[in-house]
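A short write-up of the structure that comes next.
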Amino acid sequence: MITQELVVGKILAHLNAELSETELVHWAEDALVTLVESDIDEPNEQMILDTLMYIGAGDTPGFPLTWSVLSAFLEKLGTKVRIVTEAS
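All residue numbers for the sequence shown refer to this note's numbering, where the first residue is 2 and numbers rise by one.
Here it is, written out as structure tokens:
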């Protein structure tokens, strides 16, 4: 089941360097197919679909997966983003 929380978690994992861009794109492509083929109606399904379609095309020049793009998706999905730095 592809939920809003799952999509938010994957985007955050990418922004926190826990998931590569390629992994995020491949996950979004697979998640999009799963969601489209599902008979379950998810709350905010259209926003989830729009987000997955964009991220799934993230390996093409017209759909950059920049910080500003991904943070805008997070806000539309109800998650505020803030930056926390750590010493390396």
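Built from N, CA and C at the ideal position, the CB exists for glycine as well. Computed from a predicted structure; not experimentally measured.
- I41 carries a coil assignment under DSSP once its states are collapsed to helix, strand and coil.
- Distance between L50 and S89, taken at the CA atoms: about 37 Å.
- Here the alpha carbon of V85 sits roughly 16 Å from the alpha carbon of S69.
- Straight through space, the alpha carbons of R83 and A32 are spaced by roughly 26 Å.
- A check of alpha carbon separations from H27 across G59, E6, F64 identifies G59 as the nearest.
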